[in-house]
Amino acid sequence: MSGYLDRDGVAHLAGRIDIWLAELAEVSTSIAAIDRGTSDDTASGDPRWYVRMRGEAKEFTTVWLTLGQRTLRYETYVMPAPEENAEMLYENLLRRNERLVGAHFSIGIEDAVFLRGELLVDDVDAEQLDRVLGTLFAAVEESFGTLIRIGFASRFA
């Protein structure tokens, strides 16, 4: 069974994540901003970070990190629901999922496309945080142009 953090444990790990993110921002030119808030998903308001990164294929990618008692969940918005070629787009996403490690494309609110994953709290450290941010950023940069051209093909005709 995975570790379970009480309120003090969550606060301690959140403090460590603050430090690790600040260190990443110092060495990474792609990180534009880091903000911290709380999640509206729970009554207690889980600690939540917003890491905004500059890209080329997509101007900005924002990764949301949400720390719970057992996991650190992460996600980024990739694109809105496709206007056309939905079947082709979703097939493309499923094929991309095959190659991803620690993350997966999914359909979220309003049928928008997201990239999501989670780590057990026992596995959260600076190296894993860097890997998570790098994986999500690289996956969005690699896929965004193709996905937009599939889902909004007539706008590129």
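The sequence shown lines up with residues 60 to 216 when you count with this note's numbering.
Built from N, CA and C at the ideal position, the CB exists for glycine as well.
From a predicted model like this one, the values you see are computed outputs, not experimental measurements.
Report yes if the C-beta distance between residue i and residue j is below 9 angstroms; otherwise report no.
i      : j      : result
Thr194 : Gly167 : no
Asn151 : Ile209 : yes
Phe119 : Arg111 : yes
Gly114 : Phe196 : yes
Leu179 : Gly62  : yes
Pro139 : Ala171 : yes
Val199 : Val160 : no
Leu124 : Asp189 : no
Phe203 : Ala116 : yes
Leu192 : Val122 : yes
Taking residue i as the reference, give the member of the options with the closest Cα.
i      : options                           : result
Phe173 : Arg154, Thr135, Leu206 and Tyr149 : Thr135
Glu186 : Gly104, Ile76 and Gly204          : Ile76
Arg95  : Ser89, Glu85, Ala73 and Leu83     : Ala73
Phe211 : Pro141, Tyr63 and Val69           : Pro141
Asp65  : Gln128, Thr88 and Leu80           : Gln128
Leu126 : Glu200, Ala171, Asp181 and Leu153 : Asp181
Ile78  : Ala198, Arg154 and Val183         : Val183
Ser213 : Tyr133, Glu143 and Ser89          : Glu143
Look up residue i in the DSSP assignment and give the residues it is bridged to.
i      : result
Phe119 : Arg113
Gly176 : Tyr133
Arg107 : Gly96 and Thr125
Is residue i helix, strand or coil when you go by DSSP?
i      : result
Phe164 : strand
Ala140 : coil
Asp94  : strand
Thr184 : The amino acid occupying residue 184 in the given sequence is Asp; Thr does not appear at that position. Three-state DSSP puts Asp184 in coil, outside helix and strand.
Phe196 : helix
Phe203 : helix
Phe215 : helix
Ala84  : helix
Leu64  : coil
With 9 angstroms set as the bound, which would you pick, yes or no: does the beta-carbon of residue i sit closer than that to a beta-carbon of chain B?
i      : result
Trp108 : As a matter of chain content, chain B is missing from the structure shown, which is built from one protein chain.
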